[in-house]
Every structure is written in structure tokens, then in C-alpha cells.
Amino acid sequence: MPRTKKKQTDKNFFTDVFDVARLIPVGRVTSYGAIGQYLGLKSSARMVGWAMHGCPKDVPAHRVVNSKGLLTGKHHFNPPEKMERLLKKEGVKVVNDKIVAFNEVFWNPSTDLELNETKPRKKRPKTG
DNA sequence: AATCTGACGGGCA
DNA sequence: GTGCCCGCCAGAT
22 MPRTKKKQTD
32 KNFFTDVFDV
42 ARLIPVGRVT
52 SYGAIGQYLG
62 LKSSARMVGW
72 AMHGCPKDVP
82 AHRVVNSKGL
92 LTGKHHFNPP
102 EKMERLLKKE
112 GVKVVNDKIV
122 AFNEVFWNPS
132 TDLELNETKP
142 RKKRPKTG
């Protein structure tokens with residue numbers, strides 16, 4: 022939604038990233054690129070991760086990792102260990118700062134969200 | 001204003 | 001499968 026003639030990147034970009042991140046279900050994770058792609062930034066995954074720089078507490082940044090499932094952003098948490106700690110707490114296995122079964126816990130906003138949350142989403146990839 | 005940086009991602013060797 | 005290079009775009013110095 023075109024706010025005004027002004028730069029659209031005023032802060033919408035940030036808020037958008039945060040908004041999507043907040044949509045990440047518990048026990049699931051996503052990648053910066055996935056969020057970026059959902060927002061249309063696709064090739065600007067850096068922007069997404071970088072945007073997390075100002076990620077408020079309301080945003081589960083710990084559920085966001087790089088496309089390899091690596092907890093690359095753990096260094097930015099208050100206690101870096103908090104990231105995997107939170108993930109493990111939510112059921113996400115983490116070993117060596119890496120998400121276990123990343124392909125299973127991976128959550129794609131562009132596909133899993135697909136703008137129809139009101140509908141009973143289809144089968145899940147089965148958590149286990 | 002120009003330059004360097006950054007919580008990334010994909011392609012090629 | 002791993003390692004290196006480029007692109008991407010906005011912020012900070």
C-alpha cells in the first residue's frame with residue numbers, strides 16, 4: 022500500500038519484516054531470504070537480517086536463521102546462547118548452532134501463509 | 001557525497 | 001559438498 026509519494030522504505034520495510042517474523046509459528050523457523058521474498062525483496066536477504074537489527078521483543082528473531090539453518094544471528098542476542106535456547110525451548114532442535122531437521126521446521130511465509138489463514142491449512146509436513 | 005559495512009543467497013570451480 | 005565472488009539495498013561513518 023503506497024503510503025505516500027515519500028520513500029516507501031521509510032520504515033515499512035522494517036515493520037514488514039517484523040510483521041512476517043511475528044507470524045512465524047512456534048516450533049518453526051524461517052530464513053531471511055524467505056521473508057525477503059515474501060516481501061518482494063527476494064534478492065535482498067541481507068536487508069531482512071539487517072532489519073532485525075532493530076527487532077523489538079515482540080519479534081521472534083530467534084526463529085529466523087539463514088537459508089542453511091545456521092543460527093547466524095545468535096551473536097546479536099543479549100546472551101548469544103539465548104537464540105538456540107529459545108529455539109530448543111519451542112521444540113526446535115539445535116546442534117552446533119544449526120537447526121536440526123531444518124527442512125521440516127522450515128516455515129515459508131510465501132507458501133505456508135499464502136494469505137488464507139482463515140482456511141484450515143492443509144496437511145502439515147508432520148513434525149515427527 | 002563517497003566509501004565501507006552487514007543477523008544473506010546463489011552460482012561457479 | 002565446500003569455498004570464493006558478486007549482487008542486493010539501506011545505514012553508519
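In this text, residue positions in the first sequence follow our numbering: the first is 22, and each later residue adds one.
Positions of the beta carbon are idealized from the N, C-alpha and C atoms, including for glycine.
**Item:** Proximity of Val41 and Ile120 at Cβ, strictly below 9 Å
**Value:** In this structure, Ile120 does not lie closer than 9 Å to Val41 by Cβ.
**Prompt:** Given that a residue counts as buried once 16 or more other Cβ atoms are within 10 Å of its Cβ, and exposed if not, what is Asn102?
**Reply:** Residue 102 is actually Glu in this sequence, not Asn. Answer is exposed; the Cβ neighbour count stays below 16.
**Message:** Using a Cβ-Cβ cutoff of less than 7 Å, which residues in the same chain neighbour Phe35 once the five nearest sequence positions on both sides are dropped?
**Reply:** Hits under 7 Å: Ala72, Gly75.
**Top-ranked residue by Cα proximity to Lys32, from His97, Lys89, Met68, Arg43** = Out of His97, Lys89, Met68, Arg43, Met68 has the C-alpha closest to the C-alpha of Lys32.
**Message:** For Asp93, which residues in the same chain have their Cβ closer than 6 Å to its Cβ, ignoring the five residues on either side in sequence?
**Reply:** Here the sequence assigns Thr to residue 93, which means Asp is not the residue at that position. If the five residues before and after Thr93 are omitted, its C-beta is found closer than 6 Å to the C-beta atoms of Asn87, all from its own chain and listed in chain order.
**Item:** Spatial distance of Gly112 from Tyr53 (CA atoms)
**Value:** About 20 Å.
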